[in-house]
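Protein chains in written order, with this note's numbering: chain A, 15 to 208; chain B, 15 to 208.
Below you'll find the structure, written out as structure tokens, and then a few comments.
Protein chains: 2
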Amino acid sequence: MKPLSPSRLYLALLHYPVKNKDGDIIASAITNLDLHDIARAGRTYGVGAYYVITPLFDQQELAGKIVSHWQEGVGAQFNPDRREALDLIRVRAYLSDAVAEIRKATGMPVHIVATSAADDPKRITFLDFRRMLEMTDRSYLLVFGTAWGLTGEFMESVDHVLVPIRGKTGYNHLSVRSAAAIILDRISGEQEIL
Amino acid sequence: MKPLSPSRLYLALLHYPVKNKDGDIIASAITNLDLHDIARAGRTYGVGAYYVITPLFDQQELAGKIVSHWQEGVGAQFNPDRREALDLIRVRAYLSDAVAEIRKATGMPVHIVATSAADDPKRITFLDFRRMLEMTDRSYLLVFGTAWGLTGEFMESVDHVLVPIRGKTGYNHLSVRSAAAIILDRISGEQEIL
Numbered sequence: 015m016k017p018l019s020p021s022r023l024y025l026a027l028l029h030y031p032v033k034n035k036d037g038d039i040i041a042s043a044i045t046n047l048d049l050h051d052i053a054r055a056g057r058t059y060g061v062g063a064y065y066v067i068t069p070l071f072d073q074q075e076l077a078g079k080i081v082s083h084w085q086e087g088v089g090a091q092f093n094p095d096r097r098e099a100l101d102l103i104r105v106r107a108y109l110s111d112a113v114a115e116i117r118k119a120t121g122m123p124v125h126i127v128a129t130s131a132a133d134d135p136k137r138i139t140f141l142d143f144r145r146m147l148e149m150t151d152r153s154y155l156l157v158f159g160t161a162w163g164l165t166g167e168f169m170e171s172v173d174h175v176l177v178p179i180r181g182k183t184g185y186n187h188l189s190v191r192s193a194a195a196i197i198l199d200r201i202s203g204e205q206e207i208l
Numbered sequence: 015m016k017p018l019s020p021s022r023l024y025l026a027l028l029h030y031p032v033k034n035k036d037g038d039i040i041a042s043a044i045t046n047l048d049l050h051d052i053a054r055a056g057r058t059y060g061v062g063a064y065y066v067i068t069p070l071f072d073q074q075e076l077a078g079k080i081v082s083h084w085q086e087g088v089g090a091q092f093n094p095d096r097r098e099a100l101d102l103i104r105v106r107a108y109l110s111d112a113v114a115e116i117r118k119a120t121g122m123p124v125h126i127v128a129t130s131a132a133d134d135p136k137r138i139t140f141l142d143f144r145r146m147l148e149m150t151d152r153s154y155l156l157v158f159g160t161a162w163g164l165t166g167e168f169m170e171s172v173d174h175v176l177v178p179i180r181g182k183t184g185y186n187h188l189s190v191r192s193a194a195a196i197i198l199d200r201i202s203g204e205q206e207i208l
């Protein structure tokens, strides 16, 4: 595994603590394509690393197997582009592990930005975040939830919450894979996308 | 299944003809999350329908089973939002079936717009396409490829080709699920996304 590259922007996908359909706090299962799709989008938009967070040992093992298949196994020969994306992945037990690692690699404070499909008093817009990423004295860890999303307690603990994506309808049930792709494009994509 | 709703924009995911890694023409396999993610993004951005195109009978059956699980099975009770998205899906053998169906539902010509990670002489920008979608005398069928992408012969047959998504790096290997989400956001998302 390569050393962590200093960057303004890091991603994390949280599998615990997250909510289930009834609002209970659970640990969700690793989804193969969450690893692939968000790593490929992260690589496309130049993030420093993509943290896959789960405290469950068997789930850490599963994530590690998926990644190493494409890094060292037959997958690496078959598809080197995929390896390049999955090289961004770090499987860690807790978000605090990721924060400590980024702080150490960059020598700068790490601000946590949560994403949500709901509105939040601490919200920042996509433009706010784009401008914040130009500041050179800090890094940002952008956190996505799995299952039915990040918990209220977690949302209270973060520095900022990104506004929800509004499409063209009232429907706001994008997959985390789609939401991550759209958010990366809005905050790090071409300035003149049109 | 509900009748097709008249709209400016329809989506299609092509499983044949597409290229494999060596450039040979193949029929690719249905991927469960291609159905879910692109249907959810399509519903978020208000597309008229999402065509899943495969001439292989067993693959049509598989796609039909996935969709009906969420429309009629236990999935429909568990997650009604998902059903609402998957209601957009139409499984058809050929793209020409989709074109004929849209023409019949809308009473207007259907222009085909292909997507590609490569550049093309027939390219239109995201802004071009956003403006074209305001025209009221036609519909557009936006086509995504699976596997290693749409064939050269297919690209020559279409009306327009959308410019590739450029991220922040030279890496352009987004999943079709991520590419579809970003493209829908660029052509149908909030005008003032920032």
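Every residue, glycine too, gets a C-beta built ideally from N, C-alpha and C.
First and last residue of the uninterrupted alpha helix (DSSP H) at residue i
{"i": "residue 88 of chain B", "result": "88-92"}
{"i": "residue 190 of chain A", "result": "190-202"}
{"i": "residue 176 of chain B", "result": "Taken as a continuous stretch (DSSP letters only), residue 176 of chain B belongs to no alpha helix (DSSP H), being part of the beta strand (DSSP E) at 174-176."}
{"i": "residue 51 of chain B", "result": "46-58"}
{"i": "residue 117 of chain B", "result": "109-120"}
{"i": "residue 78 of chain B", "result": "71-85"}
Cross-strand partners of residue i (DSSP beta bridge)
{"i": "residue 154 of chain A", "result": "A:23 and A:125"}
{"i": "residue 65 of chain A", "result": "A:26 and A:104"}
{"i": "residue 137 of chain A", "result": "A:175"}
{"i": "residue 159 of chain A", "result": "A:28"}
{"i": "residue 33 of chain B", "result": "B:39"}
{"i": "residue 18 of chain A", "result": "None, per the DSSP bridge assignment."}
{"i": "residue 147 of chain A", "result": "DSSP, once it has assigned bridges, lists no residue as partnering residue 147 of chain A."}
CA nearest to the CA of residue i, picked from the options
{"i": "residue 127 of chain B", "options": "B:177, B:53 and B:74", "result": "B:177"}
{"i": "residue 35 of chain A", "options": "B:33, B:189 and B:95", "result": "B:95"}
{"i": "residue 136 of chain B", "options": "B:174, B:151, B:162 and B:182", "result": "B:174"}
{"i": "residue 93 of chain A", "options": "B:201, B:167, B:184 and B:162", "result": "B:162"}
{"i": "residue 200 of chain B", "options": "B:185, B:187 and B:181", "result": "B:181"}
{"i": "residue 139 of chain B", "options": "B:179, B:185, B:193 and B:21", "result": "B:179"}
{"i": "residue 41 of chain B", "options": "B:160, B:142 and B:78", "result": "B:160"}
{"i": "residue 194 of chain A", "options": "A:131, A:86, A:166 and A:30", "result": "A:131"}
{"i": "residue 98 of chain A", "options": "B:30, B:186, B:204 and B:202", "result": "B:186"}
{"i": "residue 184 of chain A", "options": "B:31, B:81 and B:203", "result": "B:203"}
{"i": "residue 31 of chain B", "options": "B:81, B:196 and B:166", "result": "B:166"}
{"i": "residue 149 of chain A", "options": "A:169, A:122 and A:156", "result": "A:122"}
{"i": "residue 151 of chain A", "options": "A:141, A:117 and A:169", "result": "A:117"}
{"i": "residue 168 of chain A", "options": "A:110, A:146, A:147 and A:142", "result": "A:110"}
Rounded distance between the beta-carbons of residue j and residue i, thought under 8 Å
{"i": "residue 124 of chain B", "j": "residue 171 of chain B", "result": "Actually they are not in contact, since the Cβ atoms of residue 124 of chain B and residue 171 of chain B sit about 13 Å apart, beyond 8 Å."}
{"i": "residue 164 of chain A", "j": "residue 28 of chain A", "result": "6 Å"}
{"i": "residue 196 of chain B", "j": "residue 39 of chain A", "result": "With a Cβ gap of about 32 Å, residue 196 of chain B and residue 39 of chain A do not count as contacting."}
Beta-carbon proximity list for residue i, same chain, < 6 Å, skipping 5 on both sides
{"i": "residue 56 of chain B", "result": "25, 64 and 102"}
{"i": "residue 198 of chain A", "result": "55 and 59"}
{"i": "residue 112 of chain B", "result": "26, 65 and 106"}
{"i": "residue 129 of chain B", "result": "158 and 176"}
{"i": "residue 133 of chain B", "result": "none"}
{"i": "residue 155 of chain A", "result": "24, 26, 124 and 126"}
{"i": "residue 83 of chain A", "result": "89"}
{"i": "residue 73 of chain A", "result": "44"}
Residue i Cβ short of 7 Å to the ligand SAH heavy atom set
{"i": "residue 110 of chain B", "result": "This structure lacks the ligand SAH, and indeed carries no ligand of any kind."}
Neighbourhood of residue i by C-beta, 8 Å cutoff - its chain only, sequence neighbours within 5 removed
{"i": "residue 76 of chain B", "result": "44"}
{"i": "residue 108 of chain B", "result": "67 and 69"}
{"i": "residue 21 of chain A", "result": "60, 61, 62, 63, 120 and 153"}
{"i": "residue 81 of chain B", "result": "49, 100, 103 and 105"}
{"i": "residue 86 of chain A", "result": "none"}
{"i": "residue 147 of chain A", "result": "22, 23, 154, 201 and 202"}
{"i": "residue 78 of chain A", "result": "105"}
{"i": "residue 37 of chain B", "result": "162"}
Same chain, Cβ closer than 7 Å to residue i, five either side skipped, listed in chain order
{"i": "residue 191 of chain B", "result": "47, 48, 51 and 52"}
{"i": "residue 115 of chain A", "result": "18"}
{"i": "residue 189 of chain A", "result": "none"}
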